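If you count the sequence shown from 1, you need to add 828 to reach my numbering. The beta-carbon is built from N, C-alpha and C at its ideal position, and this holds for glycine as well. Keep in mind that this is a model prediction, so the values were computed, not measured.
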Amino acid sequence: WLFSNSGTGPGCEIMQIPDAAVRFIWDAARYGLDAEIASLAMADKFIKNPDNRLLSSIRNKTDYLGLYPRKKYDGASVKMFTFYQTHLLGVPHKTLVASQKLAEGLLPDSEKEQKAWIKSDVFGDAKNPNTKNRNILKSKIVEMVEDGRLSLDDYLYIFPVESLFPLRVSLRGFDMTQYFLRHIDDEIPNYEYEQSIEDKYMKMKPEILKAAHLYFNDYVENLGMARFRKEVLDEFRRGTKHVYWIKNVMCDLSERHEGFGPDDWDSFWHDLYHDEYGNFVGYELLFQMRLALADLYRKKIQENITINPEINQTRGN
C-alpha cells in the first residue's frame, strides 16, 4: 500500500511487492509456512556459497539445498518442499507424486537396508554420481512400469527431456527421489498453482512410441510372447543387450515400415542418438525404448488375461 497526502487530498495506490524473495515469503506465510521459512534461513549459515542460500535461490529461481535431507536432517517438510517446487520452480504436482511413488518402490523392506538408501548422498551428484545406485533406480523404474505401478508419463515427469538432439533427460529426478526416500508416507499438498511447467518435454516422443510398438508387434507375431520376454526384456535386465541394438532395430523397421527410411534417419533418428561430433550417445533412447517395450508387454499380458483368465502371467504364453 502506497499512501500520499500531497495535493488536495490523500491518495492510496496498491503496488506488488517489488522484491521476488519477499513476495515469495509473503505467499508462503499465507499457507502457514512462515515459521519454517525462518528456520530454513537460519540453516543458511551451513551453506558456504552465498548464491546457494535461501534468498538468493528464491531471487534466481533455483533449487535450494536446504530443502533436501543431509545427514540426520530429514529436509524441509513436504508442505514447504512442495510449495517451493511448484510456486517457484514450476514443477508440476504430478512430478512430486511420481517421485514419491518411485521412492516408495525403491526403498527396501529391511530396516537395515533402508538406512543405506536414506543417506543424503545415495545418488551422488553431477560431478561424482553414484553410478551403481542410479542404475538400481533405473532398473526399479522398468520393474514398476512392467507391473503397472509407474507409467511412461511418470518417468518423464520425474526425468523430463532436457535435450532432444541428442536425447538427454534432466537429472534433477535423482534429487527429487532422494528427498522422498525420507518422506514416502507424507501427503503431498496440491496448491493448484497454474504456472507449472508441463509440456512436450514430459511426454515420450511419438516416434519412439511408434518404433517400440512396431518392433513389439513384429517380434510377438513371429516369435511369441515367451521369446520376447526371454530375448528382449530379460537381456535388458541382465545388461547383455548391446547399445548398438537400437541401430539394428531401426534397420529392421526401415525394411518393413514407413517413417524409418534415409530421409527420416537424417532428419530425426541420427541426431536423436549422436552428438554434434557424430559420437554414439544413445543410452537414453535405449532406456526409453526399453520402458516402452516393457509397457507394451504388460498391456499385452493384461489383454491376454482378460481373454483367457487361466493364462500364465509369468511366462506370457
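Would you mind stating whether residue i and residue j have Cβ atoms separated by less than 8 Å?
i, j, result
"residue 1031", "residue 984", "yes"
"residue 894", "residue 931", "no"
"residue 1113", "residue 1085", "no"
"residue 861", "residue 869", "no"
"residue 866", "residue 911", "no"
"residue 972", "residue 918", "no"
"residue 935", "residue 1044", "no"
"residue 986", "residue 926", "yes"
"residue 785", "residue 938", "In the structure as shown, the chain begins at 829 and stops at 1145. Residue 785 is therefore absent and cannot be evaluated."
"residue 1109", "residue 1102", "yes"
"residue 1004", "residue 923", "yes"
"residue 1128", "residue 1048", "yes"
"residue 1081", "residue 1039", "yes"
"residue 884", "residue 878", "yes"
"residue 1119", "residue 1009", "no"
"residue 1159", "residue 974", "Because the chain is modelled from 829 through 1145, residue 1159 falls outside the range shown and cannot be assessed."
Shortest alpha-carbon distance to residue i belongs to which of the options?
i, options, result
"residue 1123", "976, 852, 885, 876", "976"
"residue 1117", "969, 931, 902, 1130", "969"
"residue 1107", "871, 994, 1128", "994"
"residue 1034", "854, 992, 938", "992"
"residue 998", "1052, 1006, 989", "989"
"residue 964", "1002, 955, 956", "1002"
"residue 945", "956, 954, 960", "960"
"residue 900", "922, 906, 915, 943", "943"
"residue 1067", "1052, 958, 1055, 967", "967"
"residue 863", "907, 902, 878", "907"
"residue 1019", "1054, 962, 957, 909", "909"
"residue 887", "904, 916, 1017", "916"
"residue 1096", "1119, 1078, 1105", "1078"
Any idea if residue i is buried or exposed, counting beta-carbon neighbours within 10 angstroms, 16 or more meaning buried?
i, result
"residue 847", "exposed"
"residue 874", "exposed"
"residue 1146", "Any question about residue 1146 goes unanswered here, given that the chain covers just 829 to 1145."
"residue 982", "buried"
"residue 1141", "With a pLDDT of 48 at residue 1141, under the threshold of 50, the predicted position of this residue should be treated as unreliable, and no value is reported."
"residue 1052", "exposed"
"residue 1135", "exposed"
In terms of DSSP beta bridges, what is residue i paired with?
i, result
"residue 952", "957"
"residue 901", "898"
* Asked: Going along the chain, which unbroken runs of the beta strand (DSSP E) with 3 or more residues stay wholly within the region 962-1040?
  -> 989-991
* Asked: Which runs of the alpha helix (DSSP H) fall wholly inside the region 1058-1118 and span at least 4 residues, in chain order?
  -> Unbroken alpha helix (DSSP H) runs of no fewer than 4 residues, entirely contained in the region 1058-1118, are found at 1062-1066, 1073-1084, following chain order.
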